[in-house]
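Structure first, then comments.
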Amino acid sequence: MSEPKISDAESQVMAVVWAAAEAGEAGAGVEQILAGPGAANGWREATVRTLIHRLIRKGALRSERRGSMVLYAPVISRRSWVTSESQGLLDRLFGGQLAPLVAHFARERAMAPADVERLRRLVADLDADADD
Numbered sequence: 174m175s176e177p178k179i180s181d182a183e184s185q186v187m188a189v190v191w192a193a194a195e196a197g198e199a200g201a202g203v204e205q206i207l208a209g210p211g212a213a214n215g216w217r218e219a220t221v222r223t224l225i226h227r228l229i230r231k232g233a234l235r236s237e238r239r240g241s242m243v244l245y246a247p248v249i250s251r252r253s254w255v256t257s258e259s260q261g262l263l264d265r266l267f268g269g270q271l272a273p274l275v276a277h278f279a280r281e282r283a284m285a286p287a288d289v290e291r292l293r294r295l296v297a298d299l300d301a302d303a304d305d
């Protein structure tokens with residue numbers, strides 16, 4: 174199943190919710206979202222609530238009442254969303270092929286020697302896995 178399409182603004186809301194879940198919290202409240210990406214983007218409470226409700230309709234978030242608070246928890250994992258988004262980018266821009274993507278970034282961005290070494294190790298690990 175593919176993950177729902179999440180806009181840039183919605184992904185900022187999800188980041189707060191994912192962080193809360195990773196910290197073992199039951200969810201994130203509107204106040205946490207307002208304090209994080211809300212403040213950084215100048216969003217008002219109505220904007221944050223609109224983004225939350227869109228994410229609920231898309232099946233990315235669920236809400237749960239805890240006393241007088243409503244907490245929002247992820248329905249989809251950050252990992253599965255990143256995988257879906259990455260594959261979509263790869264498909265749209267590079268015909269689904271990984272090598273042209275890596276070549277593009279290698280040409281367009283300065284790669285630190287440590288990055289080059291990490292890529293070499295990754296390729297070696299992939300080769301070793303293919304031999305098994």
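All the letters of the sequence shown, read from the start, carry residue numbers 174 to 305 under the working numbering.
Think of the CB as a built atom: it goes at the ideal place given N, C-alpha and C, for glycine as much as any other residue.
This structure is a prediction, so every number in the text was calculated from the model and none was measured.
Three-state secondary structure assigned by DSSP to residue i
i	result
residue 294	helix
residue 221	helix
residue 177	coil
residue 242	strand
residue 279	helix
residue 172	In this structure the chain extends from 174 to 305, so residue 172 is not present and cannot be described.
residue 270	coil
residue 216	coil
residue 284	coil
Where residue i falls, given that 16 or more other Cβ within 10 Å makes a residue buried
i	result
residue 200	buried
residue 228	buried
residue 273	exposed
residue 205	buried
residue 268	exposed
residue 243	exposed
residue 190	buried
residue 237	exposed
residue 183	buried
residue 233	buried
Supposed contact pair residue j and residue i - C-beta distance, whole angstroms, cut 8 Å
i	j	result
residue 194	residue 246	6 Å
residue 203	residue 230	The Cβ separation is near 17 Å, so there is no contact.
residue 225	residue 186	6 Å
residue 263	residue 271	7 Å
residue 257	residue 175	6 Å
Bridge-paired residues (DSSP) for residue i
i	result
residue 247	234
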